[in-house]
Amino acid sequence: MGLCRGSYATRPANEKDEPVQEALRTLSGRHPGWGFWKLHHRLRKNGLSINHKRTWRIYRAMGLHLPRRLKKRLPARVKQPLAVPEAANGCWSLDFTSDVLTDSRWFRTLNVFDDYNRQLLGVEIDFSLPAARVVQVLARLVE
């Protein structure tokens, strides 16, 4: 008929796999959370001289594979509308922006806005804006 012998003949059960299957059954029953590699290393530690590919074949045939771990879902945050300030100087917003000059030097700007009337209160421009400088600008604006 032109068929390959392997396509119609059933393969006999490998008798050499039975001790490995029994050892895997006892280990996975005792430690259900262990995955393939941990079980394989424990089999080797217990004295079975076995190749990891053979262990994997038997492990899959027995259906011992663990389900994949899913990502932890964060609870949906409660969305609240932004608070609208009721008077000027009630709430300020800070924004840092940066750009590059033609001579490849970067500079940063600190912009301070009033949220009530969306007025720009101050701009500080420099190549470096450390925290002490930001505090100084805010103190000057408060005065």
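For the sequence shown, the tail end lands on 143 under full-length UniProt numbering, and the numbers increase by one without skipping. For every residue, glycine included, the Cβ atom is placed at its ideal position computed from N, Cα and C. Quantities reported herein were computed from a predicted structural model and do not represent experimental measurements.
Task: Length of the line joining the Cα atoms of Pro75 and Arg68 - done: For Pro75 and Arg68, the distance between alpha carbons rounds to 21 angstroms.
Task: Nearest residue (CA-CA) to Phe36, options Val20, Arg133, Gly29 and Tyr59 - done: Tyr59
Task: Span of the beta strand (DSSP E) around Ile125 - done: Gln119 to Asp126
TODO: Have a look at Ser7 and His65 and give me their C-alpha separation to the nearest angstrom.
DONE: 27 angstroms
Task: Arg44 (DSSP reduced to helix, strand or coil) - done: Assigned with DSSP and collapsed to three states, Arg44 falls in helix.
Task: Residues near Lys16 in its chain [Cβ-Cβ closer than 7 angstroms; skip 5 each side] - done: none
Open item on the list: Measuring only the C-alpha atoms, how far is Thr26 from Glu18?
Closed with: 12 angstroms
Task: Residue nearest to Asn117 in terms of C-alpha spacing, selected from Leu39, Arg73, Lys45 and Ala88 - done: For Asn117, the closest C-alpha among the options Leu39, Arg73, Lys45 and Ala88 is that of Ala88.
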